[in-house]
Every structure is written in C-alpha cells, then in structure tokens.
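Below is one structure, written out as structure tokens, with a few remarks after it.
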Amino acid sequence: MHMADALISPAVGGAMWAATAGLVSYSAKKLQKDLDERKVPLMGVLGAFVFATQMINFTIPGTGSSGHLGGGLLLAILLGPYAAFLTIASILTIQALFFADGGLLALGANIFNLGFFPCFIAYPLLYKPLVGEKCSQSRIFLGAILAAIIGLQLGALGVVLETFFSGISELPFTAFLILMQPIHLAIGIVEGLITATVVWFIQKESPEILQRVAASQPFGNISMKRLLTGLLFVAIVTAGSLSWFASEYPDGLEWSIAKTSGEEELAAPAGIHSVFTEIQEKIAFLPDYNFKQTEETATAESQASSSWPAVDSGTSVAGITGSLFTLLLAGLIGKGLQVAAKRL
Amino acid sequence: MIKIESNWLDLRYLDDLAAQDTAICRINPCVKLLTTLILILVVTSFPKYEIAGILPLLFYPIILMNLGALPAKPLLKRLLLAAPFVICIGIFNPLLDHTPVTQIGTFSISGGWLSFISITLRFILTVLAALILVATTGIDAICFALLRLYVPKVLVVQLLFMYRYIHVLLEEFLRTIQAYTLRSFHGEGLRFKVWGALVGQLLMRTIDRAQRIYQAMLCRGFDGEFRLIRTSRLRSQDMMYLLGWSAFFLAARLYNIPEFLGMLLMGGFR
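Set out below in structure tokens:
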C-alpha cells in the first residue's frame, strides 16, 4: 500500500523527500565506484521485470485471495543494495506518475518505506549474514522469509508514523498500528516465500548470477551508523524548518495554539507573518470581520476542550455560498474552454 | 481483460496523449513539473478541516484538461481505481471525530465529515495533477526536467531504460500468461507452484535479455558514459505560466477565495 498525498502534510512529505534524496545521491555515488558496467542495463531490465511481475497475481490456496510480488528483497538479492534502491525508486516513480499509485509528495516517503528498509536493513543485516555464500534451500527460505517479514514490518511502521505525524487522518496511532502490522506480517511471510522460490529457482538454474552479488563488499558498520545519523539530522532539520514555515499562515495551527493556550493570535513570529497580516488587513474588504471574531472566540473558548477553532456560522454560510459559486465558475470555465476549442 | 493487459494499455494511452501538439504540451517540462509540485505542496499544506479554500484550486485541472485536450473519462477512471485506499483510511475520520464544528441552520456537522471531504478533495487534486503532468509531458520530457533539477544521472538513466523495457516485458509476459491460460483448466487463477516456475523462467529470460542488450550497447560503442541530449528553451510564455499559476496557488492558500466571493454575493443581495 503506497501512501497517498491526501493523507500527508508538507512537513512530513518534505522530510521524507530529504531523506530519500540523500539516499539516492549516496547510492548513485556508490554505484559510480562499482566498475561493473553490465549493471546498468540489468538494473533497467530488472526494474521492468519487477514492475511487470507485480501485475501477475497468484491465488493463495485456502483463502480465495490473490497475492503478488513486492520485489524489494528480490532486487536487493540480485543487484546489491545500492542498485536495488535506485531500481525500486524508479519503479515507484513510474507507478506514482502513470497509475496514481501513491502521490508525488508522498513518493519520497514511499521510496523510503519500500526501498530503504528492504535494501539497507533487511538485506544486509538479515538475508546476507544468513545466506551469504552457502546457498542451501533451507537457508535461502529462512533468510528470505525473515528478511521480508522484518522489512515489511518496518515499512508498515513507517507508513503509520508518517500518517500519524501528518495529522490529516484521525486514526489513532495504536489503532492504526494494530491494523497494519498483522496484515503486513502475513504479507511478509508470503513475500518471503515467493522471493525464496524465485531465488532458489535461479540458484538451481544458474548460480553464478547470485554468486557475484554475494561476494561483493559487505556493509561496514561504521558507514551504516554515519549514514543513519546523517539521515536523521537531515530529516529533523527539514521537518522543523518546513513546519515553522507552515505555521506562519494565519489559521489552523495558530488557532489551535490560541485555543489551547489562550494566547492572542497576533503574538506571532515576526518577519513574514506580520507583513502578510498587514497586507491582508489593508486589502480585505471587511478587515474586522475575521479578526475580531478570532479574538472573541479565542478568549471565550480558551477553556474549551475541543482542539479545533469553531468556524463562525456567519463565515460558513458565506463560505458555502462562495464555494458553490466557485464550483459553478469552474464548471462554466471548463465548458467555455471546450466550446472555444471546438470553434477554433 | 486481465490486469496486465489493461495496465499496459493505460501506459501506452497516457504516452499517446503526451505526444499531442497542444499549447500545454509545448510548455517547458521543468516549468510543468515545478507547477505540479507547487500545487501539491499548497494543497497538502491546508489545515485539516479546510474545504472552501481548496475549491478554487480545481481550476487548475479543469483548465489544463481543456487546453491539453485530455479526455476526462480515462483520467477519472484512474482516479476511481486509486481511490479505495484513501477512502478506507479517510472514512475513519467521521467515525472517530465527533466534535461539532459548524451549524447550517439546525444541522450540526461534525469535524470528522469536514476532514473526510477535505481528504477527498486533496486526493482528487493531487492525483489529477500527477496524471495531467504525465499526459501533457511524457516520460522523456519529465526525465529531462529531472536532470535539470539535479537528480543524479544514474536514476534518470534508470528511469528511461526501465520505461523503454516495460513495454517489451509486458508484451512478453502477456503472451506467456495467455499461453498458460489457454492450456490450463483453472481459469485465470495461477496456482502458486506454477507461478513460481513461470516467474523463475521469465526472470532467466530477462537476465539473458539484459546480457544481449549490454552486448548490443558495446557493439554500438558504449563506453560507460550515458549522453542525454535534449534542447529546450525557457520562453516568456513558460515563465508566465509558472508565475501565473504559482501566484494563483499562493493567493488561494492565503485568502479564502470562495468566502470572499460569498460575502460579495451576500452583500450584493442586501
């Protein structure tokens, strides 16, 4: 399940994009040092392969439902972590652009959830140590299932955290967690099984494909720590600066702050906000309308337990009328353009 | 129609739309990408319960779909297909959030329903923006725009390569699935063991294909360096497009336009 833009906030989306962008540049740099040129067409074709295979469902006996390959772990096994991460990023980009499977702002989060956890955590820390050079059937199955389960659990946790921190959906954290984790445990087991099946097939048919990747440099502990700390730092800085920017707009967050703390709305950070406020006061037809109401409701309802500012009934009637008019206008413009296009 | 075939046709259809020669298609791809991203940022930055403020942004898809000669039905169909996940999460809002927020006459509306409608609006806007971007720009131009925006070349090359071979592989997979379906007595459902063998075979063939592609590249003088050349200029129309839409989005974010229009109308009646 890919995250949609409708449920994400700019701060969370931006932070995840920063993390993903950092990982992409890191993987790209590491790949440049990799002297195996054959990897480039292989990456492209395997990306297309996973994309196409995701559309072939198999029936799960006894449940009447069907499943399909996720592909993250399989790509990591066939290409190594860096190339696999870039390949997964490209698959998710095409899915987001052409099939609306996940939004563009949420793409960073999706690439992180579905790429970082299988490629940089599940594969090097679970599958590779377990399987490594000795590719026996039991080891492959055990390694793949464990790695897939952990990778998907972390990915699902990522989705829950991102949705929770965005604050658009009302789902409480624990409820969402209890909903997501068991489902993804089952999905993880299935994913592990089918990845193991495919890998075992390759191992029997042409083991040299796997041996090349298995023999490559293992992940050093030091670089992993540096990578994770760097990512964390970037994510916190980006989230902090974006949410500061977002909270400068004179509604939503500030109103709820006014509600819960009883402070005046106008005690706002200096700079851009005061400039906007001045402009708004000068241009707005009825400048006192909203502001006065805000102060009154702020002081009157500062004790209220509701964390949402009550929308003025007067404002909302005007809002509804205006909204209907806006929709009408949009429809007319659309029709008008169509007619104009036919005439020309 | 089996899923793989319908998805493949959708892919080609969007590509064909992008190959038209309309006014929107001629605008610089970087500008179109940036405009889409600004729209998505603005839409997602609205507070949880905002409905009226988001509505004016609907002008963007409506105007672009008309100027770009994009048929509404396929886009709306794709919208519907992508909707279930968002609706399933969003429907919990009315169930969990009962704080009465506003009154229309004697009706008291809970915050949950407002946020649910807001989520639906956001979904429609963001998905349409992404689809319109692809339908008016095409993958080649988007990749060029990504390159100009400092995305690492490896990733752009990967996108182009992958896109090129998606069609090839989808066709091959489709043939394989059809051959199996014609010979089996189980209808369209693939049993797990069969799936494993099938996908394993397809993977072997894919890796062989990659090897042939690499050798073909070597025969044509591949030296490890990918050279992507595409000329595109930044004209005044492109800058006006970017600035005009950005100004509109910011205005819609900072001022509640429907409310203003509503007050005008109501003031006019008095």
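Protein chains in written order, with my numbering: chain G, 1 to 344; chain R, 345 to 614. Think of the CB as a built atom: it goes at the ideal place given N, C-alpha and C, for glycine as much as any other residue.
Roughly how many angstroms separate the alpha carbons of residue i and residue j, rounded to a whole number?
i        : j        : result
R/Arg583 : R/Ser590 : In the sequence on display, residue 583 of chain R carries Met and not Arg. Roughly 10 Å separates the two Cα atoms.
G/Phe82  : R/Glu603 : In the sequence as presented, Phe is not what sits at residue 82 of chain G; that position holds Tyr. When rounded, the distance between both Cα atoms is 51 Å.
R/Asn351 : R/Leu358 : 11 Å
R/Ile435 : G/Val131 : 44 Å
G/Gly14  : G/Gly108 : 8 Å
G/Val198 : G/Ala76  : 13 Å
G/Gly67  : G/Ala186 : 11 Å
R/Phe617 : R/Ala427 : Because chain R spans 345 through 614 in this model, residue 617 of chain R falls outside it and cannot be assessed.
G/Val50  : G/Gly70  : 8 Å
G/Ala341 : G/Gly331 : 15 Å
R/Arg571 : R/Leu491 : 12 Å
G/Phe164 : R/Gly449 : 34 Å
G/Glu248 : G/Leu74  : Low per-residue confidence applies at G/Glu248: pLDDT is 40, beneath 50, and the placement is therefore not dependable enough to give any value.
R/Pro496 : G/Ala28  : 7 Å
G/Gly188 : G/Leu42  : 26 Å
R/Phe517 : R/Gln545 : 11 Å
R/Leu355 : G/Phe98  : 7 Å
R/Ala474 : G/Gln137 : 44 Å
G/Leu324 : R/Thr446 : 17 Å
R/Arg556 : R/Phe429 : 40 Å
R/Leu499 : G/Gly72  : 17 Å
G/Leu327 : R/Leu605 : 11 Å
R/Asn372 : R/Ser459 : 36 Å
R/Leu361 : R/Gly412 : 9 Å
R/Phe573 : R/Gln502 : What sits at residue 573 of chain R in the sequence shown is Ile, not Phe. Going by the C-alpha atoms only, they are around 16 Å apart.
R/Arg527 : R/Gln364 : 41 Å
When the distance is taken between beta carbons, is residue j closer than 9 Å to residue i?
i        : j        : result
R/Leu469 : R/Gly456 : no
R/Gly568 : G/Glu37  : yes
R/Leu477 : R/Thr575 : no
G/Glu94  : R/Ser462 : Residue identity check: residue 94 of chain G is Ile in the sequence provided, not Glu. No, these two residues do not count as a Cβ contact at 9 Å.
G/Phe141 : G/Ala52  : no
G/Glu31  : G/Leu86  : As written in the sequence, residue 31 of chain G is Leu, which differs from the Glu given in the question. Closer than 9 Å, so yes.
R/Ile406 : G/Gly334 : yes
G/Leu46  : R/Thr550 : yes
G/Cys135 : G/Gln54  : no
G/Ala106 : G/Met16  : yes
G/Leu126 : G/Gly115 : no
R/Met610 : G/Thr20  : no
G/Val40  : R/Tyr558 : yes
R/Thr366 : R/Thr520 : no
R/Phe592 : R/Phe403 : yes
R/Leu472 : R/Met548 : no
G/Val48  : R/Met561 : Going by the sequence as given, residue 48 of chain G is Ala instead of Val. In this structure, R/Met561 does not lie closer than 9 Å to G/Ala48 by Cβ.
G/Leu78  : G/Val213 : yes
According to DSSP, is residue i part of a helix, a strand, or is it coil?
i        : result
R/Phe570 : coil
G/Gly132 : coil
G/Phe325 : helix
R/Thr379 : helix
R/Ala596 : helix
R/Leu534 : strand
R/Pro444 : strand
R/Phe451 : strand
G/Ile8   : coil
R/Arg466 : helix
R/Asn351 : helix
G/Val339 : helix
R/Ile435 : coil
R/Arg356 : helix
R/Phe429 : helix
R/Ser576 : coil
R/Leu542 : helix
G/Met3   : coil
R/Arg553 : helix
R/Asn372 : coil
G/Asp101 : coil
Inset, instruction - Could you say if the region 505-515 of chain R and the region 390-403 of chain R meet the contact criterion of at least three C-beta pairs nearer than 8 Å? - result: no
Inset, instruction - Could you tell me whether the region 143-152 of chain G touches the region 119-129 of chain G, where touching means 3 or more Cβ pairs closer than 8 Å? - result: yes
Inset, instruction - Kindly provide the ranges of any beta strand (DSSP E) runs that are 3 or more residues long and lie completely inside the region 10-91 of chain G, ordered along the chain. - result: none
Legend entry - contact_flag[the region 370-379 of chain R, the region 480-491 of chain R] where n(CB pairs < 8 Å) is 3 or more: yes
Legend entry - Secondary structure, alpha helix (DSSP H): runs of 4+ residues fully inside the region 139-220 of chain G: 173-205, 208-214
Inset, instruction - Return the chain-ordered ranges of every alpha helix (DSSP H) run that is complete within the region 399-423 of chain R and spans a minimum of 4 residues. - result: 403-411
Inset, instruction - Please list the segments of the alpha helix (DSSP H) lying wholly inside the region 474-534 of chain R, counting only runs of 4 or more residues, in order along the chain. - result: 497-527
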